[in-house]
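Participant:
2 protein chains.
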Amino acid sequence: MKKRVTVKQIADEIGMSMMTVSRALNENGNINKKTREKVLKTAKKLGYIPNFVAKSLVQQKTFTIGVIIPEITHSFFPEVIRGIEEVAYQSKYQIILAHSAEDQQKEKLAIRTLASKRVDGLLISTAQSVTEFDHYQEVVSHGLPLVSFDRCVYDIGVSTVSIDDELSAEQITEHLIKIGYKKIAHLAGPVTVSIGKKRLNGFKKALKKNKLVLNEDFIIPSGFQEADGYNSMKKLLKLPKTKRPRGIVAVNDPAAFGAMKAILEEGYKIPEDFALVGFSDDIRAELMEVPLTTIRQPAYELGRIATQKLIAHIENSKEKVEEIILPTEIVVRSSCGFKSSS
Amino acid sequence: MKKRVTVKQIADEIGMSMMTVSRALNENGNINKKTREKVLKTAKKLGYIPNFVAKSLVQQKTFTIGVIIPEITHSFFPEVIRGIEEVAYQSKYQIILAHSAEDQQKEKLAIRTLASKRVDGLLISTAQSVTEFDHYQEVVSHGLPLVSFDRCVYDIGVSTVSIDDELSAEQITEHLIKIGYKKIAHLAGPVTVSIGKKRLNGFKKALKKNKLVLNEDFIIPSGFQEADGYNSMKKLLKLPKTKRPRGIVAVNDPAAFGAMKAILEEGYKIPEDFALVGFSDDIRAELMEVPLTTIRQPAYELGRIATQKLIAHIENSKEKVEEIILPTEIVVRSSCGFKSSS
DNA sequence: TTGTAGGCGTTATCAA
DNA sequence: TTGATAACGCCTACAA
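Quick note, the sequences are listed as chains S and G, same order.
Okay, so the first sequence: first residue is 222 according to the working numbering, each after it adds one.
Okay, so the second sequence: first residue is 222 according to the working numbering, each after it adds one.
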């Protein structure tokens with residue numbers, strides 16, 4: 222293997238100093254045009270590849286953003302990543318992608334590793350199992366810019382980008398109520414995660430606002446995965462017929478898919494026996510055996526805006542910490558029965 | 222903002238040399254147990270975060286792998302990435318994810334940037350618009366390990382991980398033939414991309430083997446996106462009725478989805494008017510209005526194995542260059558008519 | 001416009 | 001077991 226070409230080698234080759242070469246390579250100012258061309262030609266001839274590691278060390282800047290997501294299989298996060306990558310690319314940043322797989326320990330480790338790799342900033346959507354946020358606090362206190370998106374952390378002084386989960390959950394629950402359903406259950410996410418708690422709150426709010434009694438048995442602790450929705454729904458189906466809900470508000474689409482599977486599996490019909498709604502408008506939602514009523518989230522935009530905000534924080538330490546809320550839209554399909562005019 | 226804690230600061234704090242601290246931090250051998258504990262305690266007290274950038278510079282190793290994919294929205298690549306991330310994580314590597322968006326220029330730039338960031342290796346699935354591979358050759362000749370996956374490059378001396386595209390395309394085409402279709406068209410991918418060329422070859426092979434005439438008009442240049450399939454199918458539908466094919470082999474599932482849309486849009490039925498098959502078993506394939514017959518690819522496994530091979534190359538320069546082929550499976554659904562027993 | 005000296009934070013090497 | 005010194009490749013700051 223040939224020895225790596227460095228600035229010094231180029232300098233020696235043309236009999237000039239390293240600084241001249243460095244300047245020529247970086248298109249700064251103040252350099253003789255001919256010198257510059259000579260340097261560039263020599264660099265090409267020798268097959269020079271600049272070393273960003275060395276550059277990063279000197280400049281204390283890596284042009285790299287760490288991205289930690291809890292999940293990647295479904296359609297939401299890939300869309301978010303596309304948005305992140307696009308904005309990062311435009312600003313000449315790369316992204317290091319880490320997958321927490323909903324696991325707190327992995328998330329913690331990822332944060333530490335990324336901090337050690339000296340990423341310029343961090344974009345995080347919290348794992349399902351996360352119960353405390355010391356590990357966020359730790360890097361933030363070291364001055365590492367962090368933007369929390371989708372599943373956010375509040376009160377630690379970082380910008381957040383999300384939708385209005387509470388309001389959206391309230392809206393979709395109310396949609397069921399307006400159609401005429403009264404006994405409505407919620408397959409809830411973990412309340413330690415922002416979206417779990419906020420969607421539950423929205424669900425409760427809708428009942429209250431419409432003077433429906435909140436039956437605590439109808440709040441089924443669930444999770445964000447299809448299997449969670451499936452298991453929770455199975456539990457509901459074990460209740461005696463008269464004690465069962467008629468409407469189901471799932472914490473997200475994958476959970477709704479699981480619930481749908483459980484319902485159909487036991488020979489019940491949607492929406493005749495159970496009305497079902499999800500949350501996030503997964504790419505599969507409209508394709509399911511019973512197309513799913515859900516909340517559409519602007520995933521791609523969310524990725525873009527979170528990244529823009531993060532880069533703003535990186536490049537300007539005075540950038541204002543904000544809670545950014547993106548609009549959603551209720552998408553009515555057949556899983557909840559006829560369309561309401563409201 | 223407080224000043225960053227370094228090895229030197231820890232050393233000063235406890236009155237020892239930097240080397241002792243470094244050794245203690247790295248759990249090497251040869252260090253007094255008490256010294257080690259003292260260092261660790263002090264490091265924690267001061268909030269030390271190791272600087273991998275400096276370490277990388279010294280050790281000429283970043284524990285980072287560059288991953289370049291052409292597309293991220295559909296289900297194939299997210300699954301691959303999950304496999305990549307998992308294996309990388311187990312071996313303590315992180316991944317830098319770059320998105321070429323099917324664009325040759327972006328892919329070139331990504332390769333250069335990743336080489337400059339001194340990733341330890343590169344995992345690439347070629348963009349649709351790529352016509353020449355000098356940019357691969359360039360980094361490979363510099364000794365940067367590269368593994369080409371899914372959409373592979375051959376003959377440049379790198380390991381490849383893919384399925385047997387030619388055989389699989391032959392099989393699924395033959396499946397249509399066995400059912401009884403004789404006039405079969407192919408929505409082809411760009412032949413400059415391995416899978417485009419190989420799937421076309423497989424298609425041709427199946428016709429030949431079964432003594433069907435190859436009608437060049439039935440090979441429609443298409444692309445890997447839904448819109449490409451849609452446009453190509455529209456072209457086919459403009460042919461006079463008697464000159465139209467009865468079976469359609471799409472280069473991949475998204476293209477098949479586009480074709481399906483075009484067919485149904487004009488009031489035709491699948492499979493009654495047109496039998497349709499795809500390739501890759503996208504997550505939506507079984508959920509479509511007409512469930513799609515397709516080839517199942519082991520995406521997650523593909524990501525895992527490509528990464529294992531890459532890390533093997535990284536950690537052992539004598540690792541054998543291989544063409545790894547993963548098995549596929551034909552998944553018969555209703556879009557191709559009744560199930561064949563074969 | 002070009003060059004010199006020093007340092008970014010860490011580890012390899014050799015010596016004590 | 002511990003320490004001093006140089007080196008990784010580049011850039012900042014200052015000088016010529």
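The beta-carbon is built from N, C-alpha and C at its ideal position, and this holds for glycine as well.
What does a CB cutoff of less than 8 Å around CYS557 of chain G pick up in its chain, not counting 5 residues either side in sequence?
Facilitator: HIS396, LEU397, ILE400, GLY468, PRO492, ALA496, LEU497, VAL498, THR514.
Participant: In whole angstroms, give me the CA-to-CA distance for VAL374 of chain G and ALA533 of chain G.
Facilitator: Going from the Cα of VAL374 of chain G to the Cα of ALA533 of chain G covers about 19 Å.
Participant: Can you name, in chain order, every residue of its own chain whose Cβ lies under 6 Å from the Cβ of GLY287 of chain S, other than the five neighbours on each side?
Facilitator: Hits under 6 Å: ILE317, LEU335, VAL340, LEU343.
Participant: Which residues, in order along the segment 257–279 of chain G, keep a beta-carbon less than 9 Å from a beta-carbon of chain S?
Facilitator: Those residues of the segment 257–279 of chain G that come within reach of chain S (Cβ to Cβ, closer than 9 Å) are GLY268, ILE270, PRO271, ASN272, PHE273, VAL274, ALA275, LYS276, SER277, LEU278.
Participant: Compute the distance between the beta-carbons of ALA245 of chain G and LYS266 of chain G, then report whether it is under 9 Å.
Facilitator: Contact: no.
Participant: Residue range of the beta strand (DSSP E) that LEU408 of chain S falls in?
Facilitator: Looking at the DSSP string, the run of the beta strand (DSSP E) that includes LEU408 of chain S is 405–409.
Participant: Please report how far the alpha carbon of PRO299 of chain S lies from the alpha carbon of ILE504 of chain G, in whole angstroms.
Facilitator: So the alpha carbons of these two residues sit roughly 13 Å apart.
Participant: Mind checking which residues open and close the alpha helix (DSSP H) that includes GLU447 of chain S?
Facilitator: GLU447 of chain S -> alpha helix (DSSP H) spans 447–458.
Participant: Beta-carbon within less than 8 Å of SER415 of chain S's beta-carbon, same chain only, minus the 5 sequence neighbours each way: which residues are those?
Facilitator: Taken in chain order, the residues that qualify are THR347, ARG372, CYS373, VAL374, TYR375, SER383, ASP386.
Participant: Hey, could you find the ends of the beta strand (DSSP E) GLN315 of chain S is sitting in?
Facilitator: It spans 315–320 - the beta strand (DSSP E) in which GLN315 of chain S sits, taken as one unbroken run.
Participant: For MET509 of chain G, go through chain S and note every residue whose CB falls closer than 9 Å to its CB, in chain order.
Facilitator: By Cβ distance, chain S contributes LEU508.
Participant: LEU318 of chain G touches chain S at which residues, Cβ-Cβ below 9 Å?
Facilitator: Within chain S, the residues near LEU318 of chain G are VAL288, ILE302, GLU306, GLN315, ILE316, ILE317, LEU318.
Participant: Decide if ASP338 of chain G is buried, meaning its Cβ has at least 16 other Cβ atoms within 10 Å, or exposed.
Facilitator: Looking at the sequence provided, one finds Lys at residue 338 of chain G rather than Asp. It is buried - the Cβ of LYS338 of chain G has at least 16 other Cβ atoms within 10 Å.
Participant: Return yes when the Cβ of LEU485 of chain G is within less than 9 Å of the Cβ of VAL368 of chain G, no when it is not.
Facilitator: Going by C-beta atoms, VAL368 of chain G is not nearer than 9 Å to LEU485 of chain G.
Participant: Please confirm whether SER389 of chain S has its beta-carbon closer than 9 Å to some beta-carbon of chain G.
Facilitator: So, not an interface residue.
Participant: Could you give the residue range of the alpha helix (DSSP H) that holds SER531 of chain S?
Facilitator: Before going on, a small fix: residue 531 of chain S reads as Leu here, not Ser. It spans 520–536 - the alpha helix (DSSP H) in which LEU531 of chain S sits, taken as one unbroken run.
Participant: Verify whether the separation of the beta carbon atoms of GLY364 of chain G and VAL542 of chain G is less than 9 Å.
Facilitator: Going by C-beta atoms, GLY364 of chain G is not nearer than 9 Å to VAL542 of chain G.
Participant: Mind checking ALA448 of chain G: buried by the 16 CB within 10 Å criterion, or exposed?
Facilitator: So ALA448 of chain G ends up on the exposed side.
Participant: Hey, quick one: how far does the alpha helix (DSSP H) through ALA471 of chain S stretch, first residue to last?
Facilitator: Segment 468–471 is the beta strand (DSSP E) holding ALA471 of chain S; no alpha helix (DSSP H) there.
Participant: Which residues in the same chain as PHE297 of chain S place their Cβ atom closer than 6 Å to its Cβ, once the five residues preceding and following it in sequence are excluded?
Facilitator: Hits under 6 Å: SER501, ALA520.
Participant: Closer than 7 Å by beta-carbon distance: list the chain G residues that pair up with PRO411 of chain S, in chain order.
Facilitator: Here the premise fails: no neighbours, minimum Cβ distance about 22 Å.
Participant: Suppose you measure from the CA of ALA471 of chain G to the CA of LYS426 of chain G; what does that come to, to the nearest Å?
Facilitator: For ALA471 of chain G and LYS426 of chain G, the distance between alpha carbons rounds to 16 Å.
Participant: For the segment 354–387 of chain G, which residues have a CB atom closer than 7 Å to at least one CB atom of chain S, in sequence order?
Facilitator: So the list reads HIS363, GLY364, given in the order they occur along the chain.
Participant: Closest Cβ-Cβ distance between MET222 of chain S and chain G: below 9 Å?
Facilitator: A caution first: MET222 of chain S carries a pLDDT of 41, below 50, which makes its placement in the model too unreliable to give a value.
Participant: In the DSSP output, which residue or residues are listed as bridge partners for GLU544 of chain G?
Facilitator: Its beta-bridge partners are G:THR381.
Participant: Exposed or buried, PHE478 of chain S, counting other C-beta atoms within 10 Å across all chains shown (16 or more means buried)?
Facilitator: Result: buried.
Participant: How should PRO548 of chain G be labelled, buried or exposed, when 16 other C-beta atoms within 10 angstroms of its C-beta is the threshold for buried?
Facilitator: By the 10 Å Cβ count, PRO548 of chain G comes out exposed.
Participant: Excluding the five sequence neighbours on either side, which residues of its own chain have a C-beta within less than 6 Å of the C-beta of MET222 of chain S, listed in chain order?
Facilitator: Note that MET222 of chain S has pLDDT 41, beneath the 50 cutoff, so the model's placement of it is unreliable and no number is given.
Participant: From LYS539 of chain S to PRO366 of chain S, what distance separates their C-alpha atoms?
Facilitator: Each residue's alpha carbon lies about 11 Å from the other.
Participant: Output, in chain order, the set of chain G residues within a Cβ distance shorter than 9 Å of PRO299 of chain S.
Facilitator: Here the neighbours are ILE293, THR294, HIS295, SER296, PHE298, PRO299, ILE302.
Participant: Please list, in chain order, the chain S residues whose beta carbon lies closer than 9 Å to that of SER337 of chain G.
Facilitator: Those within 9 Å of SER337 of chain G in chain S are ILE270, PRO271, ASN272, PHE273, VAL274, LYS276.
Participant: Can you have a look at PRO461 of chain G and say buried or exposed, based on whether 16 or more other CB atoms are within 10 angstroms of its CB?
Facilitator: With fewer than 16 other Cβ atoms within 10 Å, it is exposed.
Participant: Can you have a look at GLU323 of chain S and say buried or exposed, based on whether 16 or more other CB atoms are within 10 angstroms of its CB?
Facilitator: That one is buried.
Participant: Does any residue of chain S bring its CB to less than 9 Å from the CB of ILE535 of chain G?
Facilitator: No, ILE535 of chain G lies away from the interface with chain S (no Cβ there is under 9 Å from its Cβ).
Participant: Please identify the residue among S:GLU292, S:GLU522, S:ALA406 whose C-alpha is closest to the C-alpha of VAL434 of chain S.
Facilitator: For VAL434 of chain S, the nearest C-alpha among the options comes from S:ALA406.
Participant: Can you give the Cα-Cα distance for ASN431 of chain S and LYS482 of chain S, rounded to whole angstroms?
Facilitator: If I take the Cα positions, the gap works out to 30 Å.
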